[in-house]
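Here's the structure, in structure tokens; my notes come after.
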Amino acid sequence: MTISNDTDQHFLRQALDLARQGIGLASPNPHVGAVLVDESGKVVGTGFHTYEGVKHAEVVAIEQAGKKSRGSTLYLNLEPCSHQGRTGPCADAVIAAGIRRVVASMRDPNPHVHGKGFAKLRGAGIEVTLGGLAQDARHLNEAFAKYTRHKTPLITLKTAMTLDGKIAPAPRKSRTSGGKAGTNAWITGEASRAHVQELRHQSDALMVGVGTVIADDPLLTDRSGHPRRRPLLRVILDSRLRLPLESRLVKTAHDDLLVLCSFAEEKKKRQLLRRGVRVEQIPQPSKEGHPDLAAVARYLGSLEITSLMIEGGAIVNWAALASGIVDKIFLYYAPKIMGGSNSVPFAAGAGFPRVEDAPSVKSLRIHHFGEDFAVEGYLRDPYADLSS
Numbered sequence: 262m263t264i265s266n267d268t269d270q271h272f273l274r275q276a277l278d279l280a281r282q283g284i285g286l287a288s289p290n291p292h293v294g295a296v297l298v299d300e301s302g303k304v305v306g307t308g309f310h311t312y313e314g315v316k317h318a319e320v321v322a323i324e325q326a327g328k329k330s331r332g333s334t335l336y337l338n339l340e341p342c343s344h345q346g347r348t349g350p351c352a353d354a355v356i357a358a359g360i361r362r363v364v365a366s367m368r369d370p371n372p373h374v375h376g377k378g379f380a381k382l383r384g385a386g387i388e389v390t391l392g393g394l395a396q397d398a399r400h401l402n403e404a405f406a407k408y409t410r411h412k413t414p415l416i417t418l419k420t421a422m423t424l425d426g427k428i429a430p431a432p433r434k435s436r437t438s439g440g441k442a443g444t445n446a447w448i449t450g451e452a453s454r455a456h457v458q459e460l461r462h463q464s465d466a467l468m469v470g471v472g473t474v475i476a477d478d479p480l481l482t483d484r485s486g487h488p489r490r491r492p493l494l495r496v497i498l499d500s501r502l503r504l505p506l507e508s509r510l511v512k513t514a515h516d517d518l519l520v521l522c523s524f525a526e527e528k529k530k531r532q533l534l535r536r537g538v539r540v541e542q543i544p545q546p547s548k549e550g551h552p553d554l555a556a557v558a559r560y561l562g563s564l565e566i567t568s569l570m571i572e573g574g575a576i577v578n579w580a581a582l583a584s585g586i587v588d589k590i591f592l593y594y595a596p597k598i599m600g601g602s603n604s605v606p607f608a609a610g611a612g613f614p615r616v617e618d619a620p621s622v623k624s625l626r627i628h629h630f631g632e633d634f635a636v637e638g639y640l641r642d643p644y645a646d647l648s649s
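Take this note's numbering: the final residue in the sequence shown is number 649, and no numbers are missing along the way.
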């Protein structure tokens, strides 16, 4: 059955709002919220999932409702699981609670579940209604959808630039060598920069090239103010371990700083390890000096990193696009024109030989942040090859 009832939409929206409370707290599991409503239309139980809390959203809501679960309607943004994992199958808990009807936004993209949870519920005589607020639900769990099927993170390329595609003025002396990088002026406004922190909070890891570290001496932290289960993993692409020991990244490393290199010079590696920096050697492709980015994605997936945001400079941006690892873009534009032949472009590389070779961005969304705007879109659908 496809959803149409306004009441169903209302409670599904509540379930989605609950699910969003798990952002930063649920990974590598999905974000799920649950609302139980009795036959009179009263909410009798709610819940959302956090990884440390172990219990899934449905079970939290059922335990809160107690006997009032019987005959109720359960609203969820994601299909109840049907397999044994860290917990028992939620579909079994729903059946045992005597719930009469389940309304959910989407099927679980996990191949161990996809459609099986609904089938189990229907087999027990529970009415299942599917499809309300599906777009919002898919957007919320797109990283889980990519990771659970491919064991690599959803990779978002993010940058801020002027209208003429410049991400920085001509390079000057680096901060880590005692000078100033550029003018210290921000390209985008405060509202855009605050939203970047929200994107960082939604990500498991953030990656830049060592050139950005040398030029800007960033911290690369989540300053959203929201709680998170795991520290944001700060990843540095550094083929020859040039990361300055005096950089703010190294000084603040607490097992949350990972350097990926192609050539590990032992003395420098030992110095970094003593300072709490993790160092991993990744093979380099035959014609490039940086680590193989496809191998980087696989390695991060092995660490249960479900989402990676790249905030690189021009060289890393081009390498990511050329390698084909980017799933999504989030590009902020300020109403400024930099000009200048030496200003830093969004992506610096050989370029695609033909227009038809250039990757196409689909499912575009335009966001406004004060005077700035941002373009969000997909180079690859994280739900590709999944039935609806």
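C-beta: ideal position from N, C-alpha, C; glycine also.
Can you grab the Cα-Cα spacing for the pair residue i / residue j, in whole Å?
i	j	result
Asn290	Glu507	36 Å
His317	Gly327	16 Å
Ser563	Gly332	43 Å
Gly472	Val496	13 Å
Arg281	Pro372	23 Å
Asn370	Ala398	The sequence shown places Pro at residue 370, not Asn. Using only the alpha carbons, I get a separation of about 12 Å.
Leu504	Ile428	22 Å
Ala446	Pro432	13 Å
Pro488	Asp465	13 Å
Ala365	Leu391	5 Å
His271	Leu554	43 Å
Ala352	His515	40 Å
Val557	Val363	40 Å
Tyr644	Lys528	44 Å
Gln532	Leu510	14 Å
Val298	Glu451	41 Å
Gly426	Asn402	30 Å
Arg491	Glu313	10 Å
Val605	Ile576	10 Å
Tyr560	Gly585	16 Å
Ala619	Phe613	6 Å
Gly393	Glu632	33 Å
Asp463	Ser523	For the record, residue 463 in the displayed sequence is Gln; it is not Asp. The straight-line gap from Cα to Cα measures roughly 29 Å.
Let me make sure I understand the geometry here. Which of the options has the alpha-carbon closest to that of residue i?
i	options	result
Ala635	Tyr560, Tyr408, Ala595 and Ala645	Ala595
Leu460	Phe309, Ile428 and Ile284	Ile284
Gly638	Tyr593, Gly346, Val616 and Asp646	Tyr593
Thr423	Lys377, Arg509, Phe630 and Met599	Met599
Gly702	Arg501, His629, Leu339 and Ala558	No answer is possible for residue 702: the residues shown for the chain start at 262 and end at 649.
Ser582	Leu640, Asn603 and Ser602	First, the amino acid is wrong: residue 582 is Leu here, not Ser. Nearest of Leu640, Asn603 and Ser602 to Leu582, Cα basis: Leu640.
Asp646	Ala455, Ala406 and Asp499	Ala406
Ala287	Asp516, Leu481, Val315 and Ala429	Val315
Ser624	Thr348, His400 and Val305	His400
Val520	Gln542, Glu526 and Arg531	Gln542
Val355	Arg368, Lys381, Val304 and Pro414	Lys381
Met367	Asp517, Ala276, Ser604 and Pro492	Ala276
Pro350	Ser330, Gly378 and Thr567	Gly378
His551	Lys530, Lys597, Arg501 and Thr348	Arg501
Gly294	Thr413, Leu337 and Ile387	Leu337
Ser621	Glu300, Asp642 and Ala611	Asp642
Val457	Phe630, Glu300 and Arg361	Phe630
Val469	Tyr408, Asp477 and Arg361	Asp477
Glu388	Val540, Tyr408, Val296 and Thr334	Thr334
Which term fits residue i, buried or exposed, when burial requires 16 or more other beta carbons within 10 angstroms of its beta carbon?
i	result
Leu467	buried
Glu319	buried
Arg383	exposed
Ala357	exposed
Gln345	exposed
Ala455	exposed
Ile323	buried
Val616	exposed
Ser265	Summary for Ser265: the model assigns pLDDT 49, below 50, so the residue's position carries little reliability; its value from the coordinates is reported in the next sentence. When all chains shown are included, Ser265 counts as exposed.
Ile627	exposed
Ser602	exposed
Leu273	buried
Gln396	exposed
Asp483	buried
Ser343	buried
His310	buried
Thr449	buried
Ser301	exposed
Thr409	buried
Leu493	buried
Pro414	buried
Can we count residue i as close to the ligand ADP, meaning its CB is less than 7 Å from some heavy atom?
i	result
Pro414	This structure lacks the ligand ADP; in fact it carries no ligand of any kind.
Less than 8 Å between CB atoms is the rule here; does residue i satisfy it with respect to chain C?
i	result
Ser602	Reference to chain C is not applicable here, since this structure consists of a single protein chain.
Is the number of C-beta pairs between the stretch 580-598 and the stretch 419-426 that are closer than 8 Å three or more?
-> Output reads yes: the stretch 419-426 touches the stretch 580-598.
Touch test, the stretch 524-539 against the stretch 563-579, Cβ-Cβ under 8 Å, three pairs minimum = no
Completely contained alpha helix (DSSP H) runs for the stretch 325-373, where each covers 4 or more residues | Here the runs fully enclosed are 351-357.
In chain order, which alpha helix (DSSP H) runs of at least 4 residues are fully inside the stretch 545-625?
-> 554-563 and 575-584, all fully within the stretch 545-625.
Which full runs of the beta strand (DSSP E) of 3+ residues lie inside the stretch 500-535, going along the chain?
-> 518-522
Secondary structure, alpha helix (DSSP H): runs of 4+ residues fully inside the stretch 372-434 | For the stretch 372-434, whole alpha helix (DSSP H) runs of length 4 or above, ordered along the chain, are 377-384, 395-401 and 403-411.
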